[in-house]
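Numbering (the numbering used here), first residue to last: 2 to 793. Where is the CB? At the ideal position from N, CA and C, for every residue including glycine.
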Amino acid sequence: MDTSADSAPSTELGRLFRPASVALIGASDQPDSLGMPITRHLLDQAAQVDVHLVNPRRPMVFGRHCLDSVADLPLGVDLAVLLTPWPVTLDLLEALDARAVGCAVIIALCGRPNLSLRAFDADRRRLQRFTATHAMRIVGPASQGIILPRLALNLSLCPATPEAGNVAFVSSSGAIASVIADWAENRGLGMSALISLGDRSDVDLPDALDYLAADAHTRAVLIYLEDFEQPRRLLGALRNLALRKPTVMLAPAVDTQGQAPGSEAAGRAPLFRLALQRAGVLLVDSLDEFCAAANVDLPTWPHAGSRFALVGNGTGLPHLAANAVHRVGGQLAPLSRSTQAQLRELLPADLSVANPLDVGREADGQRYAAAARILAADDTVDVVLLNHHPTSFAASAQIVASLAPSPPEDAPLLAAFAGAGQDRSRYNLARRGIAAFETPEAAVHAYALNRRHHLQRSELLRARPPLARHLRIDVARAHRLLRSAAPIEPIALLACADITLHPAEARNGRTLLWHSDAVLGPLLRADNGTLARHWLLPLDSLSATEALRWLDHPALEPPPRHYSELLALSELYQRCQALDTLSVRDPHWSDDGWLAAEVSYNLRSTARLPTAFSPCPAEPDEWIEAEGLPQLLLRPIRAEDEVALQQSFGRLTPEEVRLRFLYPLSQLGHDMAARLTQLDYDREVALVLTDAAPPGMAPIHAVARASFDLPTATAEFAIIVQREFAGHGLGRFLMERIIEHCRRAGMREVYGLVLPENRAMLTLAERLGFTRSRAEELLRVSLPLTAGAGAH
2 MDTSADSAPS TELGRLFRPA SVALIGASDQ PDSLGMPITR HLLDQAAQVD
52 VHLVNPRRPM VFGRHCLDSV ADLPLGVDLA VLLTPWPVTL DLLEALDARA
102 VGCAVIIALC GRPNLSLRAF DADRRRLQRF TATHAMRIVG PASQGIILPR
152 LALNLSLCPA TPEAGNVAFV SSSGAIASVI ADWAENRGLG MSALISLGDR
202 SDVDLPDALD YLAADAHTRA VLIYLEDFEQ PRRLLGALRN LALRKPTVML
252 APAVDTQGQA PGSEAAGRAP LFRLALQRAG VLLVDSLDEF CAAANVDLPT
302 WPHAGSRFAL VGNGTGLPHL AANAVHRVGG QLAPLSRSTQ AQLRELLPAD
352 LSVANPLDVG READGQRYAA AARILAADDT VDVVLLNHHP TSFAASAQIV
402 ASLAPSPPED APLLAAFAGA GQDRSRYNLA RRGIAAFETP EAAVHAYALN
452 RRHHLQRSEL LRARPPLARH LRIDVARAHR LLRSAAPIEP IALLACADIT
502 LHPAEARNGR TLLWHSDAVL GPLLRADNGT LARHWLLPLD SLSATEALRW
552 LDHPALEPPP RHYSELLALS ELYQRCQALD TLSVRDPHWS DDGWLAAEVS
602 YNLRSTARLP TAFSPCPAEP DEWIEAEGLP QLLLRPIRAE DEVALQQSFG
652 RLTPEEVRLR FLYPLSQLGH DMAARLTQLD YDREVALVLT DAAPPGMAPI
702 HAVARASFDL PTATAEFAII VQREFAGHGL GRFLMERIIE HCRRAGMREV
752 YGLVLPENRA MLTLAERLGF TRSRAEELLR VSLPLTAGAG AH
């Protein structure tokens with residue numbers, strides 16, 4: 002099974018985002034009531050869902066019959082929207098759960114007039130107890146609601162309803178949700194979902210992001226983030242999403258300009274930004290930029306470069322565009338001779354052929370379209386920006402009707418139709434698949450955002466260099482030393498990481514400092530004597546390389562031995578909770594593996610926060626010996642194993658690939674290999690059998706992995722053993738280890754999807770106690786993870 006592929010969204014939030022039935026509790030047609038706008042929206046638009054209205058005081062609402070009580074609802078309604086005052090909300094939740102309602106959205110604020118602090122806290126505790134003990138999922142309180150354009154459902158206080166599309170928006174702020182909904186409706190931007198989470202008593206941002214990551218109808222996600230709650234869980238969800246889909250965020254918490262100078266929030270803002278960028282999030286700094294990003298077709302625009310061809314019915318707008326291009330680091334494309342010749346045939350003789358290109362103030366749609374086609378086909382052009390200002394020579398509508406998106410092999414076409422009266426033109430261009438903007442600067446900036454997203458994603462998936470050594474830390478010995486009554490010398494502590502420490506050779510002004518942030522956990526601060534940078538833990542070989550280049554020289558690539566020793570130091574700090582700080586002054590690494598430096602440390606009495614990103618599991622080496630095979634090492638896969646995994650895939654036959662991935666796959670490309678090696682171990686696990694060489698240098702002979710579905714506590718496994726290592730019991734050995742990992746992760750079931758002709762896998766599953774069922778054209782083998790399961 003290909004565990005890298007997007008899976009179907011979990012059914013529990015599927016009832017929120019894809020309801021077949023909706024109940025409005027507190028439906029109303031009274032003009033000043035909370036329920037009136039949502040009730041009208043629902044009754045005017047809903048044609049694809051069953052609707053149930055509940056209001057004990059009004060038998061009819063907008064001519065539609067109302068139920069007297071929640072108890073009168075049919076069993077199993079997918080989604081209930083509570084439009085009722087807060088004092089009755091908690092009792093209504095109990096009644097809705099008794100009717101097996103799947104999800105509830107609470108519009109009301111948590112609290113009531115003149116409510117004492119003690120009563121307010123009691124209400125919140127009661128709501129927390131309910132969410133912890135009931136299966137029904139809750140959005141809110143204080144949610145603005147949810148809009149599901151694909152179902153023509155506006156269950157929110159937002160007056161606008163965007164048309165159906167594939168961009169989702171998630172926010173805790175109802176005000177920002179309303180702005181985005183209005184902006185999208187007026188620009189013709191199609192949306193798959195828009196949800197305001199409110200106070201997040203149950204369904205929170207990671208929950209929503211995990212659903213949207215697997216949703217086939219969502220291609221990009223916009224997020225408005227106000228605070229960092231549960232950072233590791235949040236960053237894990239963001240990285241999982243960003244690896245699959247463009248993820249754009251407006252986050253006031255990461256903007257130092259919005260914080261009080263010298264405040265704790267201002268000092269932490271750069272760390273938040275660092276964390277979000279490491280997760281693969283495209284950060285924007287203003288609502289204008291946020292809206293511009295929404296209009297960028299991120300997944301389908303080519304990313305070859307930023308050479309612009311500028312076109313206009315005059316020179317003013319193209320020259321403004323040219324200035325904007327230079328400001329964002331782009332350039333004007335040098336048009337080829339062939340392109341210039343074609344443009345001379347197209348344009349009147351008095352117009353010059355240059356970039357920017359003036360097609361004449363009298364240009365009609367045919368001339369605009371022809372110029373755009375010629376420029377888009379030029380290999381020197383990465384993007385064509387067509388600028389238009391209204392004139393009496395040609396109607397904007399006629400020009401819009403003549404334009405079409407560029408073919409996939411050509412440069413994409415953007416448009417800037419300037420002027421307040423051009424809203425309809427921009428709307429119609431968007432409907433035709435051409436991103437359209439109010440100004441040339443906005444268009445250029447949107448493309449620059451797209452370009453930044455591509456570069457950032459490339460960095461996120463960048464291959465990690467191999468390690469020169471294993472990262473073996475004697476944690477037990479380090480703990481004994483740190484708990485001893487007498488202070489220990491740093492040389493003894495570093496020996497726990499197989500690092501030989503020598504006195505500092507010379508002062509170089511450089512310092513490495515490991516410490517812990519109160520929100521994001523362990524960090525590395527590298528100071529080169531002039532400037533300092535932070536890296537969040539855990540490090541890998543790439544981030545360790547970056548830190549050493551920052552210390553020494555940006556243009557120098559540190560030897561593998563050096564960054565491997567730095568990684569070992571980082572692992573030592575990360576795994577020794579008693580360390581508060583670890584300082585390495587004036588470091589100098591030798592090629593023989595020793596470190597010359599002045600090292601000091603401080604202890605702490607309380608445990609640190611966990612790392613902001615999940616680390617590779619810290620497990621002792623397990624050596625495997627089987628007759629007729631070399632000695633093999635079982636360990637978790639690391640990011641440095643990407644090339645070895647690709648080489649392992651290359652040794653598989655087409656039939657072995659089909660049995661493992663369930664479909665033909667000619668090669669394991671870089672993106673997929675990166676996703677299969679750069680794991681979030683809170684969400685999945687992968688074990689490899691290798692020889693004794695370090696990660697990145699050792700060939701991989703077998704892989705077993707499991708992907709966790711946290712809401713359902715189920716794990717999907719996959720396994721492959723190279724044919725020359727088959728027949729020695731390695732498959733069973735790996736399966737037993739994966740089952741144990743899933744049990745420790747709190748999974749209730751482990752399962753796999755198997756082709757019926759994969760007899761070896763089916764036989765192994767049967768021997769391990771798995772049961773078999775049909776899953777369309779596949780067989781589903783599953784094992785409940787109760788005590789003793791899988792020990793046959």
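Exposed unless 16 or more other CB atoms sit within 10 angstroms - verdict on residue i
| i | result |
| --- | --- |
| Leu76 | exposed |
| Gly330 | exposed |
| Phe662 | buried |
| Met673 | buried |
| Pro57 | exposed |
| Phe394 | exposed |
| Trp803 | Nothing in the structure corresponds to residue 803, since the chain is present only between 2 and 793. |
| Glu566 | buried |
| Gly629 | exposed |
| Ile492 | exposed |
| Asn603 | exposed |
| Leu580 | buried |
| Tyr752 | buried |
Span separating the alpha-carbon of residue i from that of residue j
| i | j | result |
| --- | --- | --- |
| Trp590 | Pro561 | 11 Å |
| Leu83 | Leu94 | 9 Å |
| Val140 | Ile107 | 6 Å |
| Ala396 | Leu414 | 20 Å |
| Ala47 | Pro20 | 11 Å |
| Leu549 | Tyr564 | 7 Å |
| Val23 | His53 | 6 Å |
| Phe650 | Leu669 | 7 Å |
| Val285 | Val249 | 7 Å |
| Val686 | Ala421 | 54 Å |
| Ala505 | Leu583 | 16 Å |
| Arg768 | Val782 | 12 Å |
| Leu348 | Arg274 | 49 Å |
| Thr512 | Ala280 | 26 Å |
| Leu660 | Arg508 | 59 Å |
| Glu410 | Gly189 | 26 Å |
| Glu737 | Cys577 | 29 Å |
Whether residue i touches residue j by CB criterion (8 Å)
| i | j | result |
| --- | --- | --- |
| Leu198 | Val171 | yes |
| Phe63 | Thr90 | no |
| Ala169 | Leu213 | yes |
| Ala619 | Leu450 | no |
| Leu376 | Ala310 | yes |
| Pro880 | Ala165 | The structure shown does not extend to residue 880, since the chain spans only 2 to 793, so no value can be given for it. |
| Arg465 | Glu599 | no |
| Gly175 | Leu158 | yes |
| Leu570 | Pro441 | no |
| Ala412 | Val382 | yes |
| Arg233 | Pro611 | yes |
| Pro467 | Glu641 | yes |
| Arg433 | Ala405 | yes |
| Leu568 | Leu540 | yes |
| Ala59 | Leu44 | The residue you asked about is not Ala; residue 59 is Arg in the sequence shown. Not in contact: Arg59 and Leu44 (Cβ atoms no closer than 8 Å). |
| Leu358 | Val401 | no |
| Ala705 | Leu677 | no |
| Ala707 | Cys743 | yes |
DSSP beta-bridge partners of residue i
| i | result |
| --- | --- |
| Gly753 | Val782 |
| Gly199 | Gly199 pairs with nothing; no bridge assigned. |
| Ala105 | Ala81 and Ile139 |
| His535 | Arg526 |
| Val168 | Met192 and Ala221 |
| Glu623 | Leu635 |
*Counting only runs of 3+ residues fully inside the segment 665-731, write out the beta strand (DSSP E) ranges in chain order.*
If only uninterrupted beta strand (DSSP E) runs of at least 3 residues are considered, those enclosed by the segment 665-731 are 685-691, 701-710 and 715-722.
**Item:** Length-filtered (4 minimum) alpha helix (DSSP H) runs lying within the segment 228-290
**Value:** Inside the segment 228-290, DSSP marks whole alpha helix (DSSP H) runs of 4 or more residues at positions 232-243 and 265-279, from first to last along the chain.
Suppose only complete runs of 4+ residues qualify. What are the alpha helix (DSSP H) ranges in the segment 344-410, listed by chain order?
366-377 and 397-403
Just to confirm the assignment: which complete beta strand (DSSP E) runs, minimum length 3, are found wholly within the segment 551-620? Positions of the beta strand (DSSP E) runs, each at least 3 residues long and wholly inside the segment 551-620, are given as 580-590 and 595-604 in order along the chain.
For this session: Give, in chain order, every unbroken run of the alpha helix (DSSP H) that is at least 4 residues long and sits entirely within the segment 471-530.
Result: 476-484 and 491-496
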